[in-house]
Structures are given as structure tokens and as C-alpha cells.
Amino acid sequence: MNLTLRIWRQAGPDVRGRMVAYQVTGVSPDMSFLEVLDMLNERLTLEGADPVAFDHDCREGICGACGVVVNGVPHGPQKATTTCQLHMRHFRDGDTIDVEPWRARAFPVVKDLVVDRGALDRVIQAGGYVSAPTGSAPDAHALPVPKADADAAFEAATCIGCGACVAACPNGSAMLFTAAKVTHLGLLPQGQPERQSRVLDMVAAQDEAGFGGCTNTGECTAVCPKGIPLETIGQLNRDYLQASRRPARSRS
Amino acid sequence: MHWTNRSSGPSVGAVVTASAVRSTVGQKMLMAVSGIVLVLFLVAHMAGNLKVFVGAESFDHYAHWLRTIGAPLLPDSGYLWIQRTVLTAALVAHVWAATSLALRARAARPVRYAHRRPVQGSYAARTMRWGGVIILLFAVFHVLDLTTGHLNPVGDRAHPYANVVADFAPERWYVTLFYTLAVLAVGLHLWHGVFSAVRTLGQRTAVGERRARLAASAVAVGLCAGYLSVPFAVMSGLVG
Ligand code: HEM
Ligand code: SF4
Ligand code: FES
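So the sequence lines, in the order shown, correspond to chains A and B. Per our numbering, the very first residue in the first sequence carries number 1; after that it's consecutive. Per our numbering, the very first residue in the second sequence carries number 1; after that it's consecutive.
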């Protein structure tokens with residue numbers, strides 16, 4: 001396959017960037033999207049040009065590092081798939097493909113396609129944890145959890161913190177991410193002690209980071225590589241409402 | 001996740017002390033609650049309007065009766081003023097929260113995408129903000145037309161039936177057109193709005209999502225049908 005990639009190039013955080021077109025030849029349909037970028041970078045390096053900076057780590061869809069916007073869709077056209085797991089057979093020979101970084105005030109561009117997603121870490125720091133000493137993995141039946149809760153918590157726990165939900169949201173909102181964490185921890189016994197402070201603090205951290213507010217449009221779930229459901233946002237809202245009604249306040 | 005930490009601005013601790021309505025989720029809840037107050041009014045208002053089909057006397061009598069609710073405990077039109085106050089407060093809260101969230105959303109993405117797939121969400125969800133502006137403009141016109149009578153060709157406060165009939169006369173087709181557009185805008189707004197409000201207030205199951213969608217469709221279609229039946233009846237001579 002021969003492709004034209006139009007890639008956002010930006011030398012650093014405070015300089016202007018622009019889309020630059022590159023011809024890439026000899027692409028195999030079995031390559032992943034990141035391997036095409038690797039191929040391009042090898043050539044650029046040999047030519048003495050600056051390779052395209054992009055984030056990646058596990059390359060097996062579990063770390064959440066690799067997100068870029070491909071033809072206007074975070075993680076590209078394939079549903080429930082991270083960019084590293086996106087294969088070139090979903091494109092056609094001769095295609096022109098636009099590649100851009102996540103766009104959000106809370107995710108400043110570091111270089112080219114790499115953005116600083118530290119804002120999500122600050123949302124986690126605000127309450128996305130349990131402080132109960134849980135020890136090593138307990139016996140399966142030591143602490144009974146209703147099956148429905150376990151399933152919902154597990155589903156929410158598959159969020160890999162990639163930030164695609166923010167990139168897709170017309171409001172630049174991180175609600176799906178935050179809701180996944182609130183749901184994951186809030187449905188399990190270990191998450192109960194901090195349940196109320198967690199939701200208040202995480203929402204406050206999310207607002208503070210400059211993310212927009214949710215309007216229930218649903219763009220996030222559509223691109224989420226883990227298919228986190230919108231019902232988690234209802235769960236967050238419910239916890240938030242309950243926490244705001246009680247005198248128990250945030251931890252800080 | 002990667003752990004770069006470029007902390008900026010005040011710490012999280014300073015922020016949580018901000019009151020709930022300063023938060024995006026709190027503002028959304030304010031919007032949901034005020035929106036529901038407005039919907040309840042729209043339902044009651046529609047039921048009253050349908051009296052136009054019973055006849056001029058019944059309709060005018062209903063309008064006069066509204067002024068006497070609560071008598072002798074409340075002065076003349078006392079209840080109406082309470083209702084107007086509540087509705088105005090709800091509308092102000094609703095529009096304030098909508099504006100605040102819209103400004104926030106715009107600030108949240110300072111650099112636009114060069115290539116952006118059109119938003120996949122429903123037309124209703126995408127037009128909440130502009131649809132809301134149309135509704136607001138119509139509400140102002142509507143009060144000046146049929147409440148105060150300033151913009152009505154008859155403007156007789158004692159006989160609202162005549163005002164309505166004059167309003168939707170065929171030669172004033174532009175009023176009917178604006179009215180129709182506004183009613184459809186309300187229907188669209190509530191098709192997403194009611195569903196959205198239910199989730200905002202904590203609905204969180206798949207079954208609940210389906211029920212909320214159904215309820216939103218019922219409210220939207222019901223209100224549109226009820227409100228549009230009046231000008232249609234006047235235009236076609238069914239009511240006159
Ligand atoms: C007057 C100007 C109005 C504006 C600017 C406006 C704007 C908005 C906006 C931007 C939203 C949020 C959209 C979203 O959450 O996706 C919204 C939600 C809503 N609006 Fe309005 N609206 C207006 C009037 C009304 C009226 C008259 C009603 C009632 C008939 C109404 C009922 C609702 C409801 C129920 C919601 C859902 C709240 C939620 O999502 O939690 N709105 N409105
Ligand atoms: S909710 Fe989905 S899209 Fe958002 S950060 Fe988690 S995995 Fe990524
Ligand atoms: S590189 Fe880890 S999810 Fe793609």
C-alpha cells in the first residue's frame with residue numbers, strides 16, 4: 001500500500017504547528033498504525049530529518065499511551081480499538097490519512113503528536129484510589145460482592161486512561177474517564193469509605209484542569225477503546241448528588 | 001498512563017471548597033431541575049390552551065379563573081405572580097448554567113481539529129444551545145404578544161380567545177411560522193433534554209436509559225402536538 005500521511009508537526013509546546021504531508025510506500029496491510037509511523041520515522045532519521053514524536057508503550061492496547069486522532073476520530077476508524085491495535089487493512093491503497101494530537105486545553109502538546117495527559121493523573125490523585133490496606137489478593141469469596149456489581153465495576157475498571165473520550169467530546173469533557181473511576185471504585189466494598197469525598201474531589205480536579213462539562217452527547221463512548229458505557233456517567237451524577245446532600249465533605 | 005506532572009494553578013484542596021453550583025456537574029443539575037420546572041409549566045399551559053377547542057366562553061373563563069386562584073387568601077392575580085416569579089427564576093438559572101457551560105466548553109478546546117468527523121450524537125443533542133436561544137427569543141415575543149398584548153393586533157386582555165384567533169389569522173402567517181418553529185425547537189430540545197436531565201439526576205442503568213428515551217419522546221411529541229393543534233385549528237377555520 002502507498003499512503004499519504006498528513007501529520008501535525010509542532011516542534012515544542014509554545015511554537016506554532018502545522019499539518020505536513022508525507023508519502024509512505026510499501027505499507028503492509030498487516031502493519032499496525034504505529035508501525036507505519038515507525039517506518040516513516042526510520043526514513044526521516046536516515047534523511048537527517050526530525051522523526052515524528054508520538055506516544056506509545058505496550059502496543060497491545062492496555063496502557064493507554066498511544067492515542068492520536070486519525071481522520072478526525074480518536075484512535076481511528078476501528079471501534080473499540082487503540083491506535084496501536086489499528087491495522088492498515090482498514091485503509092485503502094492511495095488513502096490520505098490525517099493524524100493529529102488530542103485537542104484539549106488540559107492536554108497541552110509537548111511535541112508533534114505527544115500531549116501531556118498529566119491532567120488525568122491529577123484527577124486520579126484527587127480521589128481515584130482506596131486508602132484501605134487491601135493486602136495481597138484475597139481469597140475469591142472472602143469479601144462477597146454481588147455479581148452485578150462486580151461485573152459493572154470490572155467493566156469500568158477496564159478504562160486505560162487514554163483520553164480519547166476527551167479528544168472526541170465536543171465540550172472537551174473528561175466525564176467518561178472520571179465516571180469510569182468513580183464507578184469502578186464506588187461499586188466495590190474497598191471503595192466505600194472514600195466514596196463521597198472521591199466524587200466531589202475528582203469532579204473538582206477535573207473542572208480545575210480545564211476540561212469542559214458533559215452534555216450527554218455520547219461522543220466519548222463511541223470512540224472509547226474499552227467501550228466504557230455512558231451509564232457510568234449516571235452513576236457519577238448519582239454519587240455526586242448524594243455526596244452534595246450530606247454533611248460529609250471532601251477530604252482536603 | 002504516563003506520569004508527567006506539570007501542576008499549575010491552585011491545588012485541588014483549594015478548589016473543592018467551591019460550592020456545588022460552581023462545578024460543571026452542579027451546573028448541569030441546576031439546568032436539569034430548572035428545565036423540569038419549565039417542562040411542568042409547559043404541560044399545564046398546554047392543557048389550558050386546549051380549552052380553545054371547547055369554545056370562546058370556556059377559554060376566556062379559564063383565563064379569568066387563573067387570576068382568581070388562591071382567592072381570597074391571595075390578592076387578584078396573586079397566584080399568577082408567584083408562578084411568574086418561579087418560572088423567571090427557573091429560566092434565568094437554566095440559561096445562566098447553559099451559558100456558563102457553553103463558555104467552558106469553548107475554552108476547553110482552544111486549538112481546533114484540522115480534520116473533524118461530524119459529531120455523531122443526535123441532531124437534538126447538537127442543537128441544544130442554538131435551539132435554546134430560539135426558544136428564549138420566542139418566549140419574549142410570546143409574553144409581549146399574548147400576556148401583555150403589546151404585539152397583538154387585538155390585545156384585549158379581557159378576551160384572550162379573540163387575541164389567539166387574531167394571532168393566527170392567515171394574513172399573519174409569519175407569526176404562525178415563528179410559533180411553529182419555536183414549538184418544534186422545544187420538542188427537539190426536550191427530546192434530548194428530558195433524557196439528558198434524567199441521567200444528570202442519577203439514572204444509571206441500561207433499562208433506565210431506554211425508559212428515559214421513551215419518556216423524552218413522549219414529552220416531545222405530546223407537547224408539539226398539543227401546542228401545534230391551536231394555530232392549525234385557527235388557520236383551518238376549525239376555531240374562529
Ligand atoms: C430559554 C433558553 C434556553 C436555553 C438557552 C437552553 C439551553 C439548554 C442547554 C444548553 C441545555 C444542555 C444541553 C445538554 O445537556 O446537552 C439544556 C438542557 C435542558 N433544557 Fe434547556 N434551554 C432553554 C430553554 C429551555 C426551556 C424553555 C425548557 C423547558 C421547556 C428547557 C428544558 C431543558 C431540559 C429539561 C434540559 C436537560 C438538562 C440536563 O441535560 O440535565 N430548556 N437547555
Ligand atoms: S473512558 Fe475510554 S476513552 Fe476515556 S480514558 Fe478511559 S479508556 Fe480512554
Ligand atoms: S501503546 Fe499501549 S495502548 Fe496503545
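A virtual CB, placed ideally from N, CA and C, is assigned to each residue, including glycine. Predicted, not measured: the structure shown is a model, and the values here were computed from it.
6 Å Cβ shell around B/Phe141 - same chain, five flanking residues per side excluded: Contacts found: none.
Collapsed DSSP secondary structure at A/His87 in the structure displayed: In the structure shown, A/His87 sits in a strand (DSSP, three-state: E or B).
Decide yes or no for the touch test of the region 160-174 of chain A against the region 239-246 of chain A: beta carbon pairs closer than 8 Å, at least 3 of them. The answer is no - the region 239-246 of chain A does not touch the region 160-174 of chain A, with fewer than three Cβ pairs under 8 Å.
Euclidean distance between Cα positions of A/Asn2 and B/Val111: C-alpha of A/Asn2 to C-alpha of B/Val111: approximately 30 Å in a straight line.
Kindly list the residues whose CB is nearer than 7 Å to the CB of B/Leu80, restricted to its own chain and excluding five residues on each side of it in sequence; keep chain order. Excluding positions up to five away in sequence, the list reads Leu66 and Arg67.
Give every residue of the same chain whose Cβ lies closer than 6 Å to the Cβ of B/Val154, excluding the five residues on either side of it in the sequence, and list them in chain order. For B/Val154, same chain residues with a beta-carbon under 6 Å away, outside a window of 5 residues either side, are Ala162, Asn163 and Ala166 in chain order.
Suppose contacts are defined by Cβ-Cβ distances below 8 Å. Is A/Val123 in contact with A/Ala205 by that definition? Result yes, Cβ atoms of A/Val123 and A/Ala205 sit closer than 8 Å.
Spatial neighbours of A/Val110 within its chain, please: C-beta separation below 7 Å, excluding the five flanking residues on both sides. Answer for A/Val110: Pro13 and Asp116, listed in chain order.
Per-residue burial, B/Pro231 [other beta carbons within 10 Å of its own, 16 or more giving buried]: Label assigned to B/Pro231: buried.
Would you give the residue range spanned by the alpha helix (DSSP H) that B/Tyr113 belongs to? Unbroken run through B/Tyr113: none, as it is neither H nor E.
Return yes when the C-beta of A/Pro77 is under 7 Å from any heavy atom of ligand 2, and no when it is not. Not under cutoff, so the answer is no.
Helix or strand or just coil, what does DSSP make of B/Ala139? B/Ala139 falls in the helix class under three-state DSSP.
Report, in whole angstroms, the separation of the C-beta atoms of A/His235 and A/Ala179, which I expect to be a contact under 8 Å. First, the residue type needs correcting, since residue 235 of chain A is Gln and not His in the sequence shown. Correct: roughly 6 Å between the Cβ atoms.
Going along the chain, which residues of its own chain have a beta-carbon closer than 8 Å to the beta-carbon of B/Pro291, five neighbours each way excluded? Residue 291 of chain B lies beyond the residue range present for chain B, which begins at 1 and ends at 240; the question has no answer from this structure.
What's the call for A/Val15, buried or exposed, on a 16-neighbour Cβ count within 10 Å? With a 10 Å radius around the Cβ and a threshold of 16 neighbouring Cβ atoms, A/Val15 comes out exposed.
Using only alpha-carbon positions, find the residue among B/Thr200, B/Leu223, B/Ser229 and B/Ala124 that is nearest to B/Met31. With respect to the C-alpha of B/Met31, the residue from B/Thr200, B/Leu223, B/Ser229 and B/Ala124 having the closest C-alpha is B/Thr200.
From A/His90 to A/Pro29, what does the alpha carbon distance come to, in whole angstroms? The straight-line gap from Cα to Cα measures roughly 8 Å.
Check whether A/Leu5 and A/Leu44 have beta carbons under 8 Å apart: Judged by beta-carbon spacing, A/Leu44 lies beyond the 8 Å limit of A/Leu5, meaning their Cβ atoms are not closer than that value.
Would you say A/Leu46 and A/Cys66 are within 8 Å of each other, going by their C-beta atoms? In this structure, A/Cys66 does not lie closer than 8 Å to A/Leu46 by Cβ.
Sorted by chain position, which residues of the same chain lie with C-beta nearer than 7 Å to A/Thr96's C-beta, five sequence neighbours on each side aside? So the list reads Thr4 and Arg6, once near-sequence residues are dropped.
Near B/Leu238, what residues of its chain come up, given a Cβ to Cβ distance below 6 Å and the 5 sequence neighbours on each side ignored? So no residue of the chain qualifies.
Could you name the residues of chain B that A/Leu241 contacts, counting a contact when the two beta carbons are closer than 8 Å? Within chain B, the residues near A/Leu241 are Met29, Leu201 and Gly202.
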